[in-house]
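Residue numbers (our numbering), protein chains in the order written: chain A, 1 to 452; chain B, 453 to 904; chain C, 905 to 1356.
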Amino acid sequence: MSVRSEAHGHAASVGPSGFLDLRSTPSVGDELYALAERLFPFCRSITGNGVRQTLDVVAERIPLQVNEIPTGTAVFDWTVPKEWNIRDAYIKDAAGNRVVDFRSSNLHVVNYSAPVRCRMSMDELRPHLHSLPDRPDWIPYRTSYYKETWGFCLTHKQLESMRDAGYEVCIDSSLEPGALTYAECVLPGETAEEVLLSAHVCHPSLANDNLSGIVLLAWLGEQLQRMNHRYSYRLIFAPGTIGSIAWLANNEDKLHRIRHGLVLACLGDDGGPTYKRSRRGDALVDRAVSHVLHHRFQNASVREFSPYGYDERQYCSPGFNLPVGLLERSGYGEFPEYHTSGDNLSFIAPTALSESLDMVLTVLDVLERDRCYQNLKPKCEPQLGKRGLYDALGGENDRASLQLAMLWVLNQCDGTHSLLDIAERSEMPFEKIAWCADLLAGSELLAGLPQQ
Amino acid sequence: MSVRSEAHGHAASVGPSGFLDLRSTPSVGDELYALAERLFPFCRSITGNGVRQTLDVVAERIPLQVNEIPTGTAVFDWTVPKEWNIRDAYIKDAAGNRVVDFRSSNLHVVNYSAPVRCRMSMDELRPHLHSLPDRPDWIPYRTSYYKETWGFCLTHKQLESMRDAGYEVCIDSSLEPGALTYAECVLPGETAEEVLLSAHVCHPSLANDNLSGIVLLAWLGEQLQRMNHRYSYRLIFAPGTIGSIAWLANNEDKLHRIRHGLVLACLGDDGGPTYKRSRRGDALVDRAVSHVLHHRFQNASVREFSPYGYDERQYCSPGFNLPVGLLERSGYGEFPEYHTSGDNLSFIAPTALSESLDMVLTVLDVLERDRCYQNLKPKCEPQLGKRGLYDALGGENDRASLQLAMLWVLNQCDGTHSLLDIAERSEMPFEKIAWCADLLAGSELLAGLPQQ
Amino acid sequence: MSVRSEAHGHAASVGPSGFLDLRSTPSVGDELYALAERLFPFCRSITGNGVRQTLDVVAERIPLQVNEIPTGTAVFDWTVPKEWNIRDAYIKDAAGNRVVDFRSSNLHVVNYSAPVRCRMSMDELRPHLHSLPDRPDWIPYRTSYYKETWGFCLTHKQLESMRDAGYEVCIDSSLEPGALTYAECVLPGETAEEVLLSAHVCHPSLANDNLSGIVLLAWLGEQLQRMNHRYSYRLIFAPGTIGSIAWLANNEDKLHRIRHGLVLACLGDDGGPTYKRSRRGDALVDRAVSHVLHHRFQNASVREFSPYGYDERQYCSPGFNLPVGLLERSGYGEFPEYHTSGDNLSFIAPTALSESLDMVLTVLDVLERDRCYQNLKPKCEPQLGKRGLYDALGGENDRASLQLAMLWVLNQCDGTHSLLDIAERSEMPFEKIAWCADLLAGSELLAGLPQQ
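Laid out in structure tokens, this is it:
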């Protein structure tokens, strides 16, 4: 019977995906956190050496292809901007003391500020100063991309203590022709079909947004190298907006391979999780994440697509409409620490990083293993007892539930319902359904159909 | 690029529809109310001079084609009935005093009553008397169409004070071959496709039901003559049921032009608003009204189609199935004053009439401006800043929301989603979405597609 | 007009189905209960004389074709098991007293127990004893199909009083080659299309599960012989699982005729009702039962399909996917008496049986009478008054509702909406809609379309 042998061929080559085995790897939270600690000090921006330093660290773990796109290059409707680098910045009072000091936090400088060096009155300086009256201890994070200007960010307490008539102001930065830097890592799987995982790398010393995404992606890449997987994985580390736009502009010929995708961001705090669906709304990745979040988290929030957010804005632009969603813990803009110095290494935690990783691994397991099977004994129920399948279910506790899962799989495997379809209809976790499908395929009651 | 030039051609010819500019026209409520006051005294019925007087007043404002359909004419399953006219009616007591007097309210006579003139005992008279025990101060409104009889309506207090043994009864009416009168006004637009707006004109001295609909329709017709509009508008003033049936019977060849339609009734009180969907349920007019009511009114009620109601019953009969819904404030039969003398000029108010008009204008704006656009830079987001589009958004307050609206329009304009589709998906008001579409089309980021 | 004459031909041959007239047949509850009393004592199992005795009683009422399938016959993935018969069983204490006695309840023996006759210590015996600590007065019902063993069921009180060191144990049963017995009754209707009604007959002295289903089915069969009906009815009395599997294996060539089906079980208590949809989920039988339950019962529960339950598991296996749902009062496993001696003749009642029968009859009426009609006056409403249709509605009370039902029927009968569609959309009971359709068809305003 050709369907059957074909199916067995496939089943053998795929099998359990290994993603679930990686969950709860001991001390992975500490490892992820340590990596975030190392990356925290770099002064990243949309261009410049902060991004290169970050990618160098990631490249210690995974084979990274780093791309440098020269300033002035047209990428769709955009132009690659000048490269920004910064050495030092401060505001000195009349006594020569640094009242605002870049060396204590790179958030003190409006990111991408043009160089400046002069003395000015407090009245002249004030429009260049940004603080948060409601959060007087936090430095805000501000940028001035695409509009050449400069400024300082400081705590409201600092601002209120500046009583001198004049100050010495210095931003020792450069804004010159150079390059935009982004990197990618492609890890081939059994098929050329791809899962796209993307993290933005342009935020300076902010931990949740988005060192959390970067370290998860680096760790995933490291593991993916060592295991068998159905899909090829494409990991993208790029500055927000202009970085993903540049990547898309340089890879239009490869986009047809992308079957599923996730933007990973804000995954180090203990809120959420929060998922924003792709523009398609019902792509397999949308269904897989919704399913996993529903079964694993009480406080999960699954939201409709909206065109505001991170790089899914570009992946989901109408000319591409890729099946890429956004996975976070607390949603961007919804936690008080967002885009302030409150989003520091104390705001993220090893346990939260580890939990987020488990969530991503569980989602990837669904994507890897979802497929259709054909029930080879579709007329009435097959007799499970004579095949020892009841015994295979083990102890009492989960037995009734696993038996029901077996019946669901047998009942629904008519070649048109995938395992995720069955998990959704039965309201049982995909893991349990897939476990039963493996068991039943082992007893030659099911045959996997070719994956599409 | 042909799509683009085509689209710009269309955009230029349509532009902002002008309907929104008409909203909140100063003192329009007073003007509408004054017109209702003038129409209030006429004794309308399904035939006769009351309808003609009413149409004469409307004809002062808009070009009205008045049709007279002779008694006995077959219109589908119906036959045009006799023409009814009335000069006077009363019940006199033994002392010769009018205890019930048509001159004080035309509701006192059962509408369409056959003539009668005789003396009769109270016992003989009683079956011909109608009152409302629960509302002892109100005169009910009753009709005897399609069954020749006669009767009087009076307050329950009046009824209880009638203690004489006999009365002189007179209804000086005529019920004779004549005609059914209805009128229409067609105001050509850019296309031959039509919006049908219909109000029933058969109720005597009742204000909300339906002088409110008549005066709104008359005012709209007046404005539509002076402005550019995409659709042709067909305004129908017809007696309920038999009037719309006669109109449909005489215009079957034109029905294919009707794209959208509304029956306007009970629009002068401050309840609701209430919308009953067309038989189709998801016609564009159903979606447009639902959208506008959802965004503008907290207490709006949108109801499924039901085959009971006003003339939408005929427009939505299965042989036509026109996309015509019913728009009201309080729903018919749901306010205590309905079909009683309580529905008088005190029950309606200039502010409510004006508010209802704004609602209708906002709906018509959606119908006029809804269309599909093509994003001309569909790959990634276009750079809005370099086109000055952020600056175009103006002050802080609505800025974030307008920016989001721009992103929605760009993201969804792939040629398959209309502006109303986008407004629904984004849960933003159509006005805002359409405003952004105009702005983006002005920057050559969007091209309008030919309207269908 | 050919549609019309065709339709009238059909209407004449179908007419009111008679199912509604059977509702509330006087003393039917007592009759059903008396039949259950007669069947209660038999020791049914999946094979053996208990089933034959039961079918003999049913055959007094309806023409029953009894089938005997020899032990060892392959039926799909299963093999017909040995035949089990039992004469006596007991546990005697040291004094020779029967402390557990089959003669007092056939539940005392694990159903399908292999024969045993020996003395054994209490320690050896204990693993063969089953009781319910939480329900110390009830004997549990246990089976040992497909795994040869033996055992006794007893009340927990009995178990606790067994203090002797040793007992004499006897199960005087036989487990030998023989046959599986099931029966069916086919009652031809106007068409060869079938309604399948199925009840399991394998439970010993348990009343609700499933004497209730058996007696309802027998009574229905008796009535169906005497009346005209559109569908042919196939009534199946078979042991659970293996019985329906055997029937399916022997009747694959007839399955294409089955249009609707119900498994009837647990219909004698006063809970529920509970309906489990067929695997299709939206089959006509699913919609019909949902509709009837929604309109007739406040506590009705309509549940999605699940592959666990009674014989609908086999009918709904993916190789057949028949439109067969499960109708019960309390759901199996959800009442404490389920599968214990608490499910006895006191647990069921004549009133509940009668009410369940009314429910089934109302569902069958929907299946029988559902069809599409064509409005023959589809343009505008027809004039009902001139045809005396308002007068046909009778007294005040239900008049407004019947008038609305007439308008719904006229409005929706465009040839694409069946009466059940109309009942669902209007949220009115099918009976009322069908009554109006008959009335309107009688006035030549509707023509029934050929049934599909």
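Where a beta carbon is used, it is the ideal one built from N, C-alpha and C, also for glycine. As the structure is a prediction and not an experimental result, all values here were calculated from the model.
Own chain partners of residue i with C-beta closer than 7 Å, once the 5 adjacent residues on each side are dropped
| i | result |
| --- | --- |
| A:Phe19 | Leu361, Leu364, Asp365, Glu368 |
| B:Leu845 | Arg851, Leu854, Gln855 |
| A:Phe430 | His291, Val366, Leu419, Leu420, Ala423 |
| A:Ser121 | Ala165, Gly166 |
| B:Gln505 | Phe494 |
| B:Asp810 | Arg475, Ser476 |
| A:Leu187 | Gly221, Leu224, Gln225, Ser232, Tyr233 |
Range covered by the beta strand (DSSP E) that runs through residue i
| i | result |
| --- | --- |
| B:Met572 | 568 to 573 |
| A:Gly325 | 324 to 328 |
| C:Ile950 | C:Ile950 -> no beta strand (DSSP E), and no H or E assigned at all. |
| A:Val186 | 179 to 187 |
| A:Pro70 | 65 to 70 |
Separation of residue j from residue i, as counted between CA atoms
| i | j | result |
| --- | --- | --- |
| C:Ala1187 | C:His1195 | 12 Å |
| C:Pro1240 | C:Ala1192 | 29 Å |
| C:Cys1057 | C:Pro1044 | 6 Å |
| C:Ser1205 | C:Ser1234 | 10 Å |
| A:Pro273 | A:Leu206 | 19 Å |
| C:Pro1040 | C:Asp1247 | 15 Å |
| B:Leu668 | C:Asn1301 | 38 Å |
| A:Val285 | A:Cys413 | 21 Å |
| A:His10 | A:Cys372 | In this predicted model, A:His10 has a pLDDT of only 33, less than 50, meaning its place in the structure is not dependable; the value taken from the coordinates is given anyway. Roughly 11 Å between the two C-alpha positions. |
| A:Val57 | B:Asn751 | 58 Å |
| C:Phe1251 | C:Gly1175 | 11 Å |
| A:Lys432 | C:Arg1021 | 44 Å |
| A:Glu6 | A:Glu444 | Note on A:Glu6: pLDDT 32, under 50, position unreliable in the model; the coordinate value appears next. Cα to Cα, A:Glu6 sits roughly 13 Å from A:Glu444. |
Where residue i meets chain C, residues with beta-carbon distance less than 9 Å
| i | result |
| --- | --- |
| A:Cys413 | Pro1222 |
| B:Asp721 | The premise fails here: B:Asp721 is roughly 24 Å from chain C at the closest Cβ pair, so nothing lies under 9 Å. |
Contact set between residue i and chain A, taken where Cβ atoms lie within less than 8 Å
| i | result |
| --- | --- |
| B:Gly837 | Tyr146, Lys147 |
Close-in-space but distant-in-sequence residues of the same chain around residue i (CB under 6 Å, 5 per side omitted)
| i | result |
| --- | --- |
| A:Tyr112 | Ser45, Trp84, Thr143, Ser144, Tyr145 |
| B:Glu764 | Val715, Val776, Leu778 |
| B:Ser626 | Asn537 |
Where residue i meets chain C, residues with beta-carbon distance less than 8 Å
| i | result |
| --- | --- |
| A:Leu440 | The premise fails here: A:Leu440 is roughly 13 Å from chain C at the closest Cβ pair, so nothing lies under 8 Å. |
| B:Arg731 | Asn1315 |
Start and end residues, alpha helix (DSSP H) containing residue i
| i | result |
| --- | --- |
| B:Leu676 | 664 to 678 |
| A:Cys436 | 430 to 442 |
| B:Gln826 | Here B:Gln826 belongs to no alpha helix (DSSP H); instead the beta strand (DSSP E) covers 824 to 827. |
| C:Gly1144 | Counting along the chain, C:Gly1144 falls outside any alpha helix (DSSP H), and DSSP gives it neither H nor E. |
| A:Asn411 | 399 to 412 |
| A:Tyr33 | 28 to 39 |
Contact set between residue i and chain C, taken where Cβ atoms lie within less than 7 Å
| i | result |
| --- | --- |
| B:Tyr760 | Leu1308, Leu1311 |
| B:Ile697 | Cys1284 |
For residue j and residue i, believed in contact at Cβ under 8 Å, the rounded distance
| i | j | result |
| --- | --- | --- |
| A:Thr47 | A:Thr181 | 7 Å |
| C:Leu1171 | C:Leu1257 | 7 Å |
| A:Gly151 | A:Leu129 | 7 Å |
| A:Ser212 | A:Ile236 | Contact flag wrong, Cβ pair sits at about 16 Å. |
| C:Cys1089 | C:Ile966 | 5 Å |
| B:Glu612 | B:Lys544 | Wrong, their Cβ atoms sit about 18 Å apart, outside the cutoff. |
Where residue i meets chain A, residues with beta-carbon distance less than 7 Å
| i | result |
| --- | --- |
| B:Pro834 | Asp77 |
| B:Pro830 | Ser317, Pro318, Gly319 |
Closer than 9 Å at the beta carbon, the chain B residues around residue i
| i | result |
| --- | --- |
| C:Asn1279 | Ser769, Pro770, Gly771 |
Sequence-distant residues of the same chain with beta carbon closer than 8 Å to residue i, five excluded per side
| i | result |
| --- | --- |
| A:Glu37 | Leu345 |
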